[in-house]
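Read top to bottom, the protein sequences are chains A and B. Residues in the first sequence are numbered consecutively from 82, following the working numbering. Residues in the second sequence are numbered consecutively from 82, following the working numbering. All remarks here apply to the structure that follows.
2 protein chains.
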Amino acid sequence: MSLASLIERHAPTLAAAAEANRTRTFFAHWPEPPSGKIYGETASADGEAAFKAQLNTPFTRLLQGATPDAVGEEQSPYGFDLGITYPYTDVDTLVLRANHAKLTWATLTPLERASILVEALERASKHFFEIGFATQHTTGQGFVMAFQASGPHAFDRALEAVSVALEAQTSSTDAVTWTKPMGKISVTIEKSYVIRPKGINLVIGCSTFPVWNTVPGMFAGLATGNPVIVKSHPGATYPIAIVIAEVQRALADVGVDPHVIQLAADTVGAPIGLDLVRHHEVRIIDYTGGPVFGATVEREALPLGKTVYTEKAGVNCVVVESVKDANAAFDNIAFALSLYSGQMCTAPQNIFVPATGVKVADGTVLAPADVARLLAERIDALVHNEKAGPGTLGAIQNERTADRVGEALDLGFEIIRPSAFVQQPGFDQARSISPLVLWAPVDRADVYEREWFGPVAFMVVTESFDDAVERVAASVRAHGALTTLVYTTDERKQDAAAEALVDAGAPVAFNFDSFVWVNQSAAFSDYHGAGANPAGNATFADIQFVTGRYNVIGIRKQA
Amino acid sequence: MSLASLIERHAPTLAAAAEANRTRTFFAHWPEPPSGKIYGETASADGEAAFKAQLNTPFTRLLQGATPDAVGEEQSPYGFDLGITYPYTDVDTLVLRANHAKLTWATLTPLERASILVEALERASKHFFEIGFATQHTTGQGFVMAFQASGPHAFDRALEAVSVALEAQTSSTDAVTWTKPMGKISVTIEKSYVIRPKGINLVIGCSTFPVWNTVPGMFAGLATGNPVIVKSHPGATYPIAIVIAEVQRALADVGVDPHVIQLAADTVGAPIGLDLVRHHEVRIIDYTGGPVFGATVEREALPLGKTVYTEKAGVNCVVVESVKDANAAFDNIAFALSLYSGQMCTAPQNIFVPATGVKVADGTVLAPADVARLLAERIDALVHNEKAGPGTLGAIQNERTADRVGEALDLGFEIIRPSAFVQQPGFDQARSISPLVLWAPVDRADVYEREWFGPVAFMVVTESFDDAVERVAASVRAHGALTTLVYTTDERKQDAAAEALVDAGAPVAFNFDSFVWVNQSAAFSDYHGAGANPAGNATFADIQFVTGRYNVIGIRKQA
């Protein structure tokens, strides 16, 4: 397929994406239901078969030269080893290949690159079900969530990044005949403007969202002409490896060196992430993961003037002052706490309730103890719903996350809802536990203002609504947050909270009580992250998310 | 005047600026000739009178609270003390006032801010002549250049920054009703998006272009909602103080706290720049100046995740391989070397000529010695032109710059053109000297790859054109450059040079032999700086120049 026909084929998609980014209305290029009617009646079975065939065999789909070594140490949180190995490529080889691949990639026009990348996404989307199973059995997400998060939702985020990058790069003309009138004479210069990618774009992935958190930086880097190296998490390589292999094939099919995108697989014992971060040819770094290694990445890269986009960790808070419908509100909070067992960087952790209780529209007031009881009840209703519970909770990716529940219990705080083992149908060995909710004394900010990643939440009673908002704002400034969620039916209180929390640098959600949860951000409409607090500086995908990846350089010729 | 009427009044200007930025055709909102027909028959005399009245008196036009202390140590390079004092404001007071002023400034819409800023520029433009005299007698620039560089050219750069900032901030909607269809039901969220300025924007000015190099960052910072503190150079405060005072008045007239923009005047003996750089409320820094303090700014600010835009120093090179008209080409180079005595960050320093000589379109070949003779002759013709010479050269801002000519002579390199004292009519004490041009042996890159800021140039003979281009590319990578200039009539050589130099990260100009010089970049058309080499990361004004100054934060409400 020629470049010209790719451009023609994907022009409507790119136009729709650009329009969605401008208007921020609902738009999804890939539908979210894992339905046979949409993706083909055999798609699910085919995906599962591909997944099973891949287990315990080398992953050979990458177009990434031959390497003698292989690595692989993925374990399903549902209780078995994946047994897949990936080619190991050393840092120097990765950099050498990336630089070579850049030579042609950087000379394509932004529209050519964008069209190739949409084609790559379309091809990779044919593997949504395998990606879903691969995600389920590396991250522990329930299958439906795994399908959506690594499939349509992630791919829409990737398309969004491609679109924002294309719009930014083409916002000015790439050539002009410039004539300056100077009284009776004039002077003419032929000008052109070249997009110059900054260098190698390293993307460091995480174990919980190996596709969703990787593709925005990966596609933004590619769309702006940079070669990209994806350093996947050793515990969650399979899902992104499928995507990378498909992108490589789409590149090769139009005659582009597939090493424009490479997988850098390593092991927990012999990690290569820091060597890549430090390499002088690596000029852009996207990082998602824990705050400790994130701080190391920043310390190494920022003083060298490298572009660094981070999403580290934060402490997400909820304030409940008044609600229209208490059951609906706490169902929403219960789901947000339970979804993937709190292993989302956007999941709430601390729930603040004023000592005076929560006002309900029907006139009743729920005392803090009633609120706690209601929350426990709504979590129970979800967890014990045989159809919805296990899939919502999924399994715990990392043993240390599971251990944290024990640590929380050791605090000796009063228990609102105890955690318990959850049976995952078909997977007796799954590491699955339901959320623990504790009362935290308001003066124990030393505890609740730490991130307790996983199924641990705290309820905190504050003097008043204003007091709660102030505490949340201070927490955002000190520890960062990806989300905040406030329940108040009072519009003046809404305005005050929005002002305080936006000023602190956090996105704000109000009164969620339906099929939208604070954990989720919609591509083309919601920015993911604010980039304005210690949780990180990356935002999927504002303009800044792409403009740090290239320069525009002028060429002037006397006419 | 109401905000609504300001928006209406300046809409055509903002629309024209946005269109110019997109199309990059010639556009100048303020005409460059210092002509009475354009700016009013008495404008020049009025400006000179205002300048003379200001000498030896305190500058009282700032709306910047009362401060007990005053500082001022400006000296005209034309040989007299200005004797002007400026209010001194300590760092804590500056920060306190800036933060207070931000409260309202940040809540205005991007269009409101942009309209107020255009109004401020229009008002300040009424002082172009005084600004011109103030610039001449702080920087040493000849008057016409001073008028243009600090007046129309600078103001067009400021308008450009305002326009780029407005377009970026309004590229997506600020509110939407978002409805997600979910089969038989749907869910609706009311969304809004808030521009959140990052914090205080510090702009550190330089002594040679106190307005031109300050206003892009200053107006980009203001346009994106940040309060701005301008730390002017103690040797060149007067011109930017006039601008700041007018912006403050324009703000106050629409009821905005004028401390949105403040002048931070200090002294060489007790500088406050670094204290401001380090202050935790300062989140954005624009820096123009020497590379040593520039490196300090980066070392202090980058690890803290502050946004830093720098323009430090570079070594700008010329390669001459073949020309259409030798006199026209070397007239152009001679002017570029002489304009403001090489005190432009964009001025050429090193001229590379292949050993085989320079081919002229008429068939002759100029041996390197002929080339040197021709260059010296064209410089002489300009310098000794009584009408054009002194005004083109201007005076040397800093004594150390003048001393550098002596240091260059001490190298013992063969002299192509000796430097000499230049008489500036009316100013017998002016520090004015003509350019020194030396032969530099090609193996003395240790000398010529250093920046010799001021009227010092080197001619270097290389093996070939390709050798010269390679050396220039290597120099750009190692030492940075704001400009490169190549003369070759061979289109294949042009393509090869453009590829190599853009890859190294420098803008490229070809065959300039008319009324455009490599030193000059045209607002709305030429980016100033590439942001892609060690000379700095700032570019006036690409999109990145504004997007690092704010975040976009989403607010979602369940409908």
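Beta carbons are placed, not taken as given, at the ideal position from N, Cα and C, and that holds for glycine.
Taking the CA atoms as reference points, A:Pro429 sits about 13 Å from A:Leu456. In the structure shown, A:Lys133 falls within a helical segment according to DSSP collapsed to helix, strand and coil. When secondary structure is reduced to three states using DSSP, A:Asn282 falls in the strand class.
Under the three-state reduction of DSSP output, A:Tyr421 falls in the helix class.
Interface criterion not met: the Cβ of A:Asn180 is under 7 Å from no Cβ in chain B.
Taking a C-beta cut-off of 8 Å against chain B, the contacting residues of the stretch 607-633 of chain A are Asp607, Tyr608, Ala611, Gly612, Ala613, Asn618, Thr620, Asp623, Ile624, Gln625, Thr628, Gly629, Asn632 and Val633, listed in chain order. By the neighbour-count criterion, in which a residue is buried when 16 or more other Cβ atoms sit within 10 angstroms of its Cβ, B:His314 is buried.
Excluding the 5 residues flanking it on each side, A:Thr289 has same chain C-beta neighbours closer than 7 Å at Thr220, Gln424 and Gln478, in chain order. Under the three-state reduction of DSSP, A:Asn431 is assigned to strand.
Closer than 8 Å at the C-beta level to chain B, one finds no residue of the stretch 545-557 of chain A. A straight line joining the alpha-carbon of A:Gln250 with that of B:Phe494 spans about 46 Å. Shown here, B:Trp186 sits in a helix according to DSSP, grouped into three states. DSSP, read as helix, strand or coil, puts A:Ile323 in helix. CA-to-CA, the gap between B:Ala92 and B:Glu241 works out to about 14 Å.
Under the Cβ criterion (8 Å, minimum of three pairs), the stretch 497-510 of chain B counts as touching the stretch 462-475 of chain B.
Interface annotation, B:Ala579: in contact with chain A, CB-CB separation under 7 Å.
With respect to A:Tyr390, A:Val378 sits apart: the two C-beta atoms are not nearer than 7 Å.
Contact check for B:Ile636 against B:Ser273 passes: the beta carbons are separated by less than 7 Å. Ala587, Pro588, Val589, Ala590, Phe591, Asn592, Phe593, Asp594, Ser595, Phe596, Val597, Val599, Ser602, Ala603, Ser606 and Asp607: these are the residues of the stretch 587-607 of chain B whose beta carbon lies less than 9 Å from some beta carbon of chain A, given in chain order. Any Cβ of chain A closer than 7 Å to the Cβ of B:Trp293 would place that residue at the interface, and such an atom is absent.
In terms of Cβ geometry, B:Val341 and B:Pro308 form a close pair [threshold 7 Å]. Below 8 Å, too few C-beta pairs join the stretch 619-633 of chain B and the stretch 574-589 of chain B to call them touching: fewer than three. With a contact defined as Cβ atoms closer than 8 Å, A:Ile285 and A:Gly370 qualify at about 6 Å. Here the alpha carbons of A:Arg105 and A:Asp607 stand approximately 8 Å from one another. Under the Cβ distance rule, A:Ser116 does not count among the residues neighbouring chain B, no pair being separated by less than 7 Å.
The beta-carbon separation of B:Val589 and B:Val567, rounded to 6 Å, stays under the 8 Å limit for a contact. The beta carbons of B:Tyr319 and B:Glu155 sit about 6 Å from each other, so the pair counts as a contact at 8 Å.
7 Å or more divides the Cβ of B:Cys398 from the Cβ of B:Leu563. Cβ-Cβ separation between A:Val328 and A:Ala622: approximately 18 Å, too far for a contact (criterion under 8 Å). Just so you know, the alpha carbons of B:Pro297 and B:Ala304 end up roughly 10 Å apart. Apart from sequence neighbours up to five positions away, the residues of its chain that approach A:Thr543 with a beta-carbon distance below 8 Å are Phe433, Val434, Pro435, Ala436, Val523, Ala549 and Arg552, ordered along the chain. At a cut-off of 7 Å between beta-carbon atoms, B:Val275 makes contact with chain A. Chain-ordered, the chain A residues with CB closer than 8 Å to the CB of B:Trp259 read Arg105, Thr106, Phe107, Ala603 and Ser606. Nearest to B:Leu163 by alpha-carbon distance, out of B:Leu177, B:Ile88, B:Pro139 and B:Pro149, is B:Pro139. Beta-carbon to beta-carbon, A:Gln222 and A:Tyr421 are separated by about 5 Å, close enough to satisfy the 8 Å threshold.
The beta-bridge partner set that DSSP reports for B:His314 consists of B:Ala317.
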